[in-house]
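Student:
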Amino acid sequence: GHRRNNAADALAQALGPIRDLRGRGFEPAAQAYNAAASASAKGRQWRQALEVLATRTQHRGLEADAFAHSTTVDACSRGHFWRGALSALDSPRAESPGLVARSAAVGACARAARWELAVRALDHALELRLDPNPIMYNSAMSACASAGEAHLVARVYGRMRGEECAPDAVTFNILAGGFQKLQQWRSIFGLLEDMRSCSMVPDVLACSLALSSCSRSRRWCRAVSLLGRLSSIGVRADAVACNSAQSACERAGEWRSAVDMLHKGEPGVTDIITFNTALAASIKGGRWHLATCLLAAAHRRSIRLSEVTYPAAMSACVDNDNAWIFAVQLLRSIRSEGWSAKNVLSRGPALGACARALRWTRAVSLLDLSWREHAKSDILAHNALVRACWGKQRWWVAMHVADNMLRDGPRPDVATWTEMVRVAEGLQRWEQAVSLLASLQEAGAEADDVLRTAVVSACDGCLRWEWALELLGDSRAEVPSTPDDVLCSSVMTACSRGRQWEAGIDLLGQLSSLDVAACNAAVKAFQAGSCWDLALGLFGRLSRQRLEADVVSHSSLMSALQASLQWQRALDELPTMLQGSIEPNAVACNTLMSVFDNASQWACSIELLQHTSANGLRPSLVGVCAALGTCGSSGTPELAPRIAEEVCDAAWMVVGRPWLKKGRARSCA
């Protein structure tokens, strides 16, 4: 401020005599105009500088010289008025300004982010066969870099080297910044080599840009190697350089190197970013114990983690079953540092992580704490806790969560009820599943087909096919359109298990489109009714729709043909199964063994046993004894040792020998 006042006083003193002489009718000399222009430049008064130049050019006997135009350009450049700088530079009556004036004009364009004008001014100087200095090149390169034209930065640098102008450290830093935006880490490392060839020591800014480019490209080996060489070339790494190298390790999944940089970092270099990066690397690598230790170390060092770290770390716990200890520790840190305990992002993932890890006591205590503190967890956390109860006989936990949600919120949605029904299905509590659906409907909520399918599956597991049909009827009454195909397939499966194959056939005609899952359910229903001809017709319908049956479909078809004593039909369908891309599983192999036994196809039995043995499948005792029985019924008992050699190891013989002494395979054995 003091310097600016002095410059303004000097400008007033320089303009005073000019105005006084012009008021008396005299024209000031060139020295007076030059002094006024110089004072305007020092005071960054570009308006007064342009006024002085215009007043001077209006005098017929006093042409503006190069100094007058140079000082005017300098004043406009300092005042960030690039238009005035170019206007003074390109004045038709001007004596050709020198290199300093043109450098000032390029700098003014660069500060105004007018890269095209800066490059044009540089080209004009080269056309006039002037020798631009590094400052002029640097200004043009800086303008291109600021405008995001990184490829032009390299072009200007190429012209600089072509004109044999020696670059300085600023040149290399600007060029490195341009290469960083283009993510050309190899070019930046080439610049570091060029600096050493020019007897220049790379500064910490150039090295930081190189490390940052490695971070974006995940070149963690290059980053660690460069960081280790900084001390040998006389560069002291700062926090930016260390964090860039550590970020490269974190992005590449090298959690060991990222954490090692935290431990080896100097006190003045390690900051909160270093700690957050090491924590993120540990989380990404699944090292939850290490992440918990880092969190405790941050608490001991009184390092307050950033506001972004906690939600990001908690979000990483959502889909990991081993993160519950870290989630609880992170929740404690949030509470101890004064962050809002009502934050949904902090409470929900911790609750879900504990639920998936089967830490029921911890999960329920967190839920109770949330309700006591009126810190509402999100609905996803509650659903995760209910989902974790599935198949684990924790029905009381699911009911506890549902009761508290009904009382204190958040209100259960359809997904919550669906998870509750699946828990009941896993525990074979079909009555509770039906009751939950009724409770949802009484509450005025609309059940979707996913929930109804879950209830049907619960009824299917308990052979309650009549309830499955009733649920399908209720669904059709609520939505008169075509019922969901998945729901119909589930009801069809329930009917097949209940040997209600007529209802299954009726449901098959109600499907809007046939898929493989529906085909499997229908074939099982046909198997229950010994309707092998309908099963074969259904397979023909699949082929006409260009759908490929899976191994379950073929196994069900083989079972249906076997149950109907249609062994020749089963043999006819076998090539269709083996020619496709379907690999028979153990169930299909056992079914085929029984078919071969009844058809006395001992050669097919041996070939199938060899195939299963080569693919790592072990047929059951029923399948092996069916093969042995095939040899006995076909009059080839001498093949029994060969079958035993193909499929029977010591462990199988120990289990199977008592069973082989009985029944039809005793003579073959």
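Going from the sequence shown to this note's numbering is simple: count from 1 and add 4. Glycine is no exception: its CB is placed at the ideal position from the N, C-alpha and C atoms.
Locate the alpha helix (DSSP H) running through Pro-138, then write down its first and last residues.
Tutor: Taken as a continuous stretch (DSSP letters only), the alpha helix (DSSP H) holding Pro-138 covers 138-150.
Student: With H, G and I counted as helix, E and B as strand and the rest as coil, what does DSSP make of Ser-221?
Tutor: It is helical.
Student: The alpha helix (DSSP H) that contains Ile-178, what's its start and end?
Tutor: Start and end: 173-185.
Student: With a 10 Å radius around its C-beta and 16 neighbouring C-beta atoms as the bar for buried, classify Arg-668 as buried or exposed.
Tutor: For Arg-668, the predicted structure reports a pLDDT of 40, less than 50, and the residue's modelled location is therefore unreliable. A value from the coordinates is still provided. So Arg-668 counts as exposed.
Student: Within 10 Å of its beta-carbon, does Leu-156 have 16 or more other beta-carbons around it, so buried, or fewer, so exposed?
Tutor: Its Cβ being crowded by 16 or more others within 10 Å, Leu-156 is buried.
Student: Let's test the definition: count the other Cβ atoms within 10 Å of the Cβ of Gly-232 and tell me whether it reaches 16, buried, or not, exposed.
Tutor: Looking at its Cβ environment, which holds fewer than 16 other Cβ atoms inside 10 Å, Gly-232 is exposed.
Student: Between His-404, Arg-220 and Met-424, which lies nearest to Ile-192 when the distance is taken from Cα to Cα?
Tutor: Cα-wise, what sits closest to Ile-192 is Arg-220.
Student: Label His-386 either buried or exposed according to how many other C-beta atoms from any shown protein chain fall within 10 Å of its C-beta, with 16 as the threshold for buried.
Tutor: His-386 is buried by the Cβ-count criterion.
Student: Grouping DSSP H, G and I as helix and E and B as strand, with all else coil, what is Ser-216?
Tutor: Looking at Ser-216 - three-state DSSP - the assignment turns out to be helix.
Student: Any idea what DSSP makes of Gln-250, helix, strand or coil?
Tutor: Gln-250 falls in the helix class under three-state DSSP.
Student: Under a three-way DSSP split, which group does Val-405 fall into?
Tutor: Three-state DSSP puts Val-405 in a helix.
Student: Need the endpoints of the alpha helix (DSSP H) that Met-199 sits in, please.
Tutor: Taken as a continuous stretch (DSSP letters only), the alpha helix (DSSP H) holding Met-199 covers 189-201.
Student: Could you give the residue range of the alpha helix (DSSP H) that holds Val-239?
Tutor: Careful: Val-239 lies outside any alpha helix (DSSP H) and carries neither H nor E.
Student: Going by the CB atoms, is the gap between Val-160 and Ala-170 shorter than 7 Å?
Tutor: No, Cβ-Cβ distance for Ala-170 and Val-160 is not below 7 Å.
Student: Quick check: what's the CA-CA separation for Leu-130 versus Ala-122?
Tutor: Going by the C-alpha atoms only, they are around 13 Å apart.
Student: Quick check on Glu-167: does DSSP put it in helix, strand or coil?
Tutor: Coil, per DSSP.
Student: Just checking Thr-296 against the ligand HEM - is the residue's beta carbon closer than 6 Å to any of the ligand's heavy atoms?
Tutor: As far as ligands go, the structure on display features none, and thus does not contain the ligand HEM.
Student: Can you give the beta carbon distance from Ala-245 to Ser-286, rounded, assuming they're within the 8 Å contact cut?
Tutor: At roughly 22 Å, the Cβ-Cβ gap does not stay under 8 Å, so Ala-245 and Ser-286 are not in contact.
Student: Our contact map puts Ser-229 next to Trp-189 with C-beta atoms below 8 Å; I'd like the distance itself, whole angstroms only.
Tutor: Actually they do not touch by this definition, with Cβ atoms about 12 Å apart.
Student: Rounded to a whole number of angstroms, what is the C-alpha to C-alpha distance between Ala-210 and Asn-408?
Tutor: Whole-angstrom Cα-Cα distance: 59 Å.
Student: Does the distance from the CB of Ala-227 to the CB of Ala-249 come in under 7 Å?
Tutor: Yes; because the gap between Cβ atoms is below 7 Å, this pair is in contact.
Student: Alpha helix (DSSP H) containing Ile-287: first to last residue?
Tutor: 276-288 is the span of the alpha helix (DSSP H), which, as asked, contains Ile-287.
Student: Go ahead and label Arg-133 buried or exposed: buried means 16 or more other beta carbons lie within 10 angstroms of its beta carbon, across all protein chains shown.
Tutor: Exposed: under 16 other Cβ atoms inside 10 Å.
Student: In its own chain, which residues sit with a C-beta less than 8 Å from the C-beta of Gln-187, not counting the 5 before and 5 after it?
Tutor: Excluding sequence neighbours, Gln-187 sits near Ser-217, Arg-220 and Ser-221.
Student: Check whether the Cβ atoms of Thr-175 and Asn-137 sit closer than 7 Å, and answer yes or no.
Tutor: Cβ distance not < 7 Å, so Thr-175 and Asn-137 don't count as in contact.
Student: Where Thr-296 and Asp-207 are concerned, what is the direct C-alpha to C-alpha distance, given to the nearest angstrom?
Tutor: Roughly 37 Å between the two C-alpha positions.
Student: The alpha helix (DSSP H) that contains Arg-304, what's its start and end?
Tutor: 292-304 is the span of the alpha helix (DSSP H), which, as asked, contains Arg-304.
Student: Thinking C-beta only, is Phe-279 closer than 7 Å to Ile-307?
Tutor: In this structure, Phe-279 lies closer than 7 Å to Ile-307 by Cβ.
Student: From Ala-180 to Ala-262, what distance separates their C-alpha atoms?
Tutor: C-alpha separation (whole angstroms): 24 Å.
Student: Measure the alpha-carbon distance for Met-204 versus Ala-173 and round it to whole angstroms.
Tutor: When rounded, the distance between both Cα atoms is 8 Å.
Student: Which residue comes first and which comes last in the alpha helix (DSSP H) that contains Leu-266?
Tutor: Note, Leu-266: alpha helix (DSSP H), 259-268.
Student: Determine, using beta carbons only, whether Ala-154 and Gly-182 come nearer to each other than 7 Å.
Tutor: In this structure, Gly-182 lies closer than 7 Å to Ala-154 by Cβ.
Student: Would you call Ser-146 buried or exposed, if buried means 16 or more other Cβ atoms sit within 10 Å of its Cβ?
Tutor: Burial call: buried.
Student: Could you tell me the distance, in whole angstroms, from the CA atom of Leu-298 to the CA atom of Gly-269?
Tutor: Looking at the two C-alpha atoms, the distance is approximately 14 Å.
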